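All the letters of the sequence shown, read from the start, carry residue numbers -19 to -1, 1 to 259 under mature numbering (1 follows the signal peptide of the UniProt record, and there is no 0). Heads up, the beta-carbon is just placed ideally off N, CA and C, and yes, glycines get one too. All of these numbers come straight from a predicted model, not from anything done at the bench.
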Amino acid sequence: MCFLFYFIFLTHISQKGQHALWKYIGGGNSHAPLRYDIDRILDSGCGLGEWTMEMAKEFPNATVYGIDINPELFPSVHQAVPSNCLFSPSNLLTRLSFPDQYFDFVYQRFLYLGLTVEDWPVALKELRRVMKPGGWIELFEPCMRVHRAGTRTREVMRWCSRLLQEERGLDFDFAGEKMKRLCESPEIGFHNVKLERLSIPVGAWGGRVGQAMAENMVLIFQTLQSALVPAEMTPSLDGSSMKAFDLMVQSWIRECEENKSYIDYYILVGQKPFEKEA
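And the structure:
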């Protein structure tokens, strides 16, 4: 697991109150066909727990568990946490403390900076283990490819690819068909898998959502730069200049505006088969 990038994403992006944006973009908190009387829900990689707490209110008869590797992000004692909402520190890549066949619904959003190519099957198998037969899983992840890319955008993406894919084992293209194929594979074995693509604009050309996306992308790069610059700057930026890095990001956003660029996000919903179907 790429802890550095996962922590940076959670602490600098999640804390900017982005849950409402993603809820709006996704059209609600969940897409799975959930019964109102379900018993237990798991939020894997819950971060600040905003989704977790909202689901606890939407399903007052269920117990909603939020797990994350960084407990410092959990709601403080001063926040109004619903009584049916529980948080615990957990590492998804080790055996979770929950028994087999425990949850009716498992939700996971934005672990693309936390899980490597090798981590994804491990994580999904563990989530499958704790799901009840007939239970549902929902994944919400971006495909980190910018469409309608210009020269500067391609330069930025080459740099990101070298840094995050080649050197740290992340997969920019996992969300989408790769994610669907893995979930449907015999190794994982989910049934009734459905994949929805959401093309999200980057820049003010896409209205308030596009502007928010551009701001998010700038935040991601700015919060990464202290860890990445100067050692891993692209040669074309003259090596060690923080100012050059900022100028690169700003010019990239302007180019996204001019080209009306966008990024695809994917929502996957799947079901653990009943025992007679497995």
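Per DSSP, cross-strand counterpart(s) of residue i
i	result
R178	Y247
I22	V45 and F86
H172	Q252
C66	V45
Element boundaries [beta strand (DSSP E), containing residue i]
i	result
K113	M112 to H128
G47	T44 to D49
Proximal residues to residue i (C-beta, below 6 Å), its chain only, five neighbours per side dropped
i	result
L23	Y46, F84 and V87
G251	I118, C164, F171 and V174
R178	D245 and Y247
Q89	S25, G26 and L120
Residue i versus residue j: straight-line alpha-carbon distance, rounded
i	j	result
E256	P114	6 Å
K4	A225	35 Å
V127	G30	29 Å
S217	H(-1)	Bear in mind that a pLDDT of 47 at S217, under 50, signals an unreliable position, so the number given afterwards is only what the model happens to contain. Going by the C-alpha atoms only, they are around 36 Å apart.
G191	P70	33 Å
F91	Q146	16 Å
M112	D81	7 Å
S180	I244	6 Å
R110	E168	12 Å
N240	S78	48 Å
F55	F68	7 Å
G7	E99	27 Å
E196	P182	12 Å
T132	M198	17 Å
R149	V230	21 Å
Y246	E122	6 Å
P254	M194	36 Å
S242	S232	13 Å
I50	L74	10 Å
R235	G116	44 Å
D154	M34	30 Å
A156	P63	32 Å
E136	Q60	43 Å
P52	V58	13 Å
F202	E39	35 Å
W32	P102	24 Å
residue 262	S25	What is shown of the chain runs -19 to 259, which leaves residue 262 out entirely.
C27	R76	17 Å
S142	A130	15 Å
D227	L2	25 Å
Whole-Å CB distance - residue i paired with residue j, under 8 Å assumed
i	j	result
Y93	M125	7 Å
L108	L176	In fact, because the Cβ distance is near 17 Å, the residues do not count as touching under 8 Å.
N65	A37	5 Å
T44	R21	5 Å
residue 325	A13	What the structure shows of the chain is the stretch from -19 to 259, and residue 325 is not part of that stretch, so it cannot be assessed.
Beta-carbon contacts of residue i that lie in its chain and below 8 Å, excluding the five residues immediately before and after
i	result
K159	D152
T134	V127, W233, E236, C237, N240 and S242
K106	E168 and I169
R188	Correcting the residue type first, residue 188 is Gly in the shown sequence and not Arg. Excluding positions up to five away in sequence, the list reads P182.
K161	V174, L176 and L249
I48	L23, D24, S25, G26, C27, F68, S69, P70, S71, L73 and L77
Sequence-distant residues of its chain with Cβ nearer than 7 Å to residue i (five each side left out)
i	result
residue 262	Outside the displayed span of the chain (-19 to 259) sits residue 262, for which this structure offers no information.
E213	Reliability fails at E213, whose pLDDT of 46 lies under 50, so the model's placement of it is uncertain and the value that follows must be treated cautiously. Result list for E213: L144, in chain order.
M238	The sequence as given places Glu at residue 238; Met does not occur at that position. So the list reads G184, A185 and W186, once near-sequence residues are dropped.
Continuous alpha helix (DSSP H) stretch holding residue i: start and end
i	result
C27	C27 -> no alpha helix (DSSP H), and no H or E assigned at all.
W3	H(-1) to G7
E136	T132 to C141
R162	E158 to E165
heavy atom of the ligand PLP below 7 Å from residue i C-beta
i	result
F171	Ligands are entirely absent from the displayed structure, and the ligand PLP is therefore not among its contents.
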